[in-house]
RNA sequence: GCGGGGGUUGCCAAGUGGUUAAAGGCGCAGGGCUUAGGACCCUGUCACGAAGGUGUUCGCGGGUUCGACUCCCGUCCCCCGCACCA
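This is the structure:
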């Protein structure tokens, strides 16, 4: 539905919509373009159309760029610039979020190209992984939810969607859609290099890469815990979860307390407190089970037992044990050897941990409260007759603000009544937080004494595991976690899994070194990268299901899809030749070794692969020219995953000189303030945005409304206003180009010099901004502010520099709105394509501070007069202006000199001033002005002295008169003429006096 | 909870020690142009003001400084990531 609507809108030609998109046939856009161009040729002529028409202009230039191969670079003697953007995943249409990242990349590519770099900007498509497979099944089953999402949000006609019932068809379909979308917005991509990650040659490339990683011992086997649905017998991903989406997997320590030949494991997040255990807690109303776990006898709650069956332990239930029977028995602390009692507590949740809890009343409020509750209870039913008050608390953490027993203090402080009081939870968190951040272990922890609590967990747990005193037990941070099928999820230990060993210290160190040598934009994200590298753990890198490449040495596994997308930028070099028909029957690792690593010789590789010697050599040379990646731009969501892996794998595979040079990160796009969602909406597709607004407007809006990690909010009123601005730009260009009265070589007036001066500044600002990938800042200068400058220029009667400014302006806008700029450029501004024209260079010699100051003065005069008129509600008949007298200028000069230290001594200033004859002559008025200057000592500036204000005002008298609509007279306050109200005395440098009558 | 980013005048958003009542855009108001105008141009848009001024502002509370939106401390709120998923 959305699709046909789109084409109707896009094609002004009657009947065009009827030849709708047909898979496998030529690209509709192009067919349309050809028709258009034929029409254009008939009409001939190079004159801008009277009215701006995005559709016609954009189709024309997109077609021209493609036919004329404008963006197909080859190595030459220029400096290269290799820019890449993460390829999109083909499970839907490109949306506004993609549009932002890609358009930023395209504008940078265009900018660098115009700066004279040989720019390589390729694009490909990501298809490996599981979602596309899942999607094909859902489409084949006509899943109503998916059906709605893809017809409504993604705008796919039902008849087309129903055909997408295999992963292959989905890949083909979305690949074509995505490419058309990217062409419709005018990206300067070298399409000769496109590929899909399921291509056979790409698989060979991935195999080569994983061979290297394996050789380096970066791929290892291990186990890891996943969220698991016992019903579906599958790991669950976020979108499979009905409830508990935010739950994370926490690793508890399971401390093995001994009771004769049995083990009572206690789950805890604070293993260090094992030193302070004075009893265990068990829930008397809960049924426990005795189970054989590996070769030990464990007693745990029934729920914990069930969880254990999903771990990598061999478990066997032996018998049930009521909680009551265990209470009153004594157990041995494995670490300290202390004998402690098992006591009853209602707060013990059988569904959390093992259902057995160790009690550390000195540091855990719940333990303290539960113990206190038992003090006066009769426990003889459990065979406990001892006085529990005799149990001595063991304090083992020293933290500022707390004494011996933090739990007791916290309970008192918050006035917690008992273990059922909700405030008990609060007290627990408070103690935990303070002790974790500021606590240090005391002497009674032996070899661990003096270590910070925040550092101890991993060390101690490691030691305990080694000694057989503890194990790790995984538990969700919040429960329950429910699968979409309604089943409660568990944590499953997947065994014999292949891992990328991202935790390897040496590897990490190299990545950090790579990062240190890179440019990160925005720079604030460097810390984020460093933290994430630090945090990164081993990552499972193979799966059983999905699309992708098999592990070369273990064909049962498919390489996980993020892991196959790390160094593929190198493959772009090769893809061009593959697409051109290169023989790919045999692409052994030696082939890649030669072209990427320069190992071996072209001769032997040609012989080995059957590829021509010349091609082998050429690919090798291409790679040597284009690599490394100069810039990778991406959305901020990829920081903690793809961008990290991108660095890791480059560092592992390539020598240092081929490591990436820069990463730029950008934020997302929201719609009318709402977060976009591919599955729930709202969603704006790239094609819809372009169909509704045109490519240039879409680009301008998305680049101009935010930059860096801030989100762009796509708002209709804003887009409309952007459209109006662009139209004004077009109309302005049309008028300038049609204006035969412009004399470019006429002598430059003040305002001409001002205009050129402003232009140089705008060029400087925009250039600097683009070099830092600040598209918004660049557009503020290059578009909006320059626009305002031009308005002032024209208002001041400027005209002869309009063509010069327009030429620079169009070139500055070309990276952002390339179509309309080509159109304008073609009309006689310059040769060839503006896309390949030279980015304007600021000419320092044209920066004219005097002219700028003069115009500032005029602006100031206008706004001051305006203010006076509005305040006095007067109807002016005549305006007289008085420029500052010479003596005040002199005094200001002296004051500025004297104030250079920051302080201005009024007395000293007067003294020096009185030495100057011109000032002496005004000794009545001088002190008053001196005082004013002294008051402003910290912000004095000699700027106002750089301009002869009297001369300027006199020269521009006519302009001011016409601006005010009344006659204007100009005097110097030195010779004020009639001056009926004595206003001339108010004149100061930078602020001529005004008299309105 | 941990890590990163952020709270600016009706809205979006610049601004990192003085030139800032604070760029630019949107919206709104007035005027001009015009047959008309959603097109374009000008002006205003924190408050008060019969002379270009004054007062009060940049999440909240303190502090440093001659001077803070800008630096420091505390506090509240918002957004993003925390994975085996692209």
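In my numbering, the protein residues as written are 25 to 1021.
No residue lacks a Cβ here, since even glycine has one placed at the ideal position from N, Cα and C.
| Asked | Found |
| --- | --- |
| Which stretch, first to last residue, makes up the beta strand (DSSP E) that contains residue 4? | For the chain, the structure presents residues 25 to 1021; residue 4 sits outside this window and is missing. |
| Let me know if residue 962 comes out buried or exposed under the rule of 16 or more other beta-carbons within 10 Å of its beta-carbon. | exposed |
| Pull up the distance between the alpha-carbon of residue 673 and that of residue 443, whole angstroms please. | 52 Å |
| With respect to the beta strand (DSSP E) encompassing residue 244, which residues constitute its N-terminal and C-terminal limits? | 243-253 |
| Measure the beta-carbon distance from residue 429 to residue 296 and round it to whole angstroms, keeping in mind my assumption that it falls under 8 Å. | Not confirmed; about 16 Å, so no contact. |
| Is the CB-CB distance between residue 144 and residue 101 below 8 Å? | no |
| So, with DSSP's three-state summary, where would you put residue 538? | helix |
| Under 6 Å Cβ to Cβ from residue 1017, same chain only, skipping five residues before and after it: list those, please. | 906, 1007, 1008, 1010, 1011 |
| With residue 391 and residue 383 assumed to form a contact (beta carbons below 8 Å), what rounded beta-carbon distance in angstroms separates them? | 4 Å |
| What residues match up with residue 917 in a beta bridge as DSSP calls it? | Partner(s): none; residue 917 has no beta bridge. |
| So what's residue 71 in DSSP terms, helix, strand or just coil? | coil |
| Which one or two residues does DSSP pair with residue 153 in a beta bridge? | 571 |
| How many angstroms separate the CA atom of residue 914 from the CA atom of residue 957? | 12 Å |
| Nearest-angstrom Cα distance between residue 603 and residue 576? | 24 Å |
| List the endpoints of the continuous beta strand (DSSP E) containing residue 88. | Element bounds for residue 88: not the beta strand (DSSP E) but the alpha helix (DSSP H), 78-91. |
| Determine which residues share a DSSP beta bridge with residue 1032 and list them. | Here the chain has residues from 25 to 1021 only, and residue 1032 is not among them. |
| What residue ranges within the segment 436-508 form continuous beta strand (DSSP E) runs of no fewer than 3 residues, ordered along the chain? | 494-500 |
| Using the rule of at least 16 other Cβ atoms within 10 Å of the residue's Cβ for burial, across every protein chain shown, is residue 1001 buried or exposed? | exposed |
| What are the boundary residues of the alpha helix (DSSP H) that includes residue 415? | Premise fails: residue 415 is in no alpha helix (DSSP H) and is neither H nor E. |
| What residue range is occupied by the uninterrupted beta strand (DSSP E) comprising residue 334? | First-last for residue 334: undefined, no H or E at that position. |
| Buried or exposed: where does residue 921 fall if 16 or more other Cβ atoms within 10 Å of its Cβ makes it buried? | exposed |
| How long is the line joining the alpha carbons of residue 656 and residue 837, rounded to whole angstroms? | 22 Å |
| Kindly indicate which three-state DSSP category residue 119 falls into: helix, strand or coil? | strand |
| Would you kindly work out how many angstroms separate the C-alpha atoms of residue 1005 and residue 824, rounded to a whole number? | 41 Å |
| Taking the C-alpha atoms as reference points, what is the distance between residue 1013 and residue 972? | 10 Å |
| Could you spell out the range, first to last residue, of the beta strand (DSSP E) harbouring residue 621? | No beta strand (DSSP E) contains residue 621, which is instead part of the alpha helix (DSSP H) from 613-621. |
| Can the beta-carbon of residue 571 be found closer than 8 Å to that of residue 151? | yes |
| With respect to 7 Å, is the separation between the Cβ of residue 699 and the closest non-hydrogen atom of the ligand ZN below this value? | For the structure depicted, the ligand ZN is absent and the ligand set is empty, with no information on it obtainable. |
| Once you ignore the five residues that flank residue 539 on each side, which residues in its own chain have a CB closer than 8 Å to its CB? | 550, 553, 554, 557, 671 |
| Starting from the N-terminal side, write out each stretch of the alpha helix (DSSP H) that is 4 residues or longer and does not extend beyond the segment 878-902. | none |
| Look at residue 175 and residue 159 and say whether their C-beta atoms are less than 8 Å apart. | no |
| Please classify residue 146 as buried or exposed, where buried requires at least 16 other C-beta atoms within 10 Å of its C-beta. | buried |
| For the beta strand (DSSP E) that residue 681 lies in, which residues bound it at each end? | Run containing residue 681: none; DSSP gives neither H nor E here. |
| Which term fits residue 559, buried or exposed, when burial requires 16 or more other beta carbons within 10 angstroms of its beta carbon? | exposed |
| Please return the same chain residues whose Cβ sits closer than 7 Å to the Cβ of residue 805, not counting the five positions on each side in sequence. | 786, 789, 790, 793 |
| Between the C-alpha atoms of residue 168 and residue 180, what's the straight-line distance to the nearest angstrom? | 14 Å |
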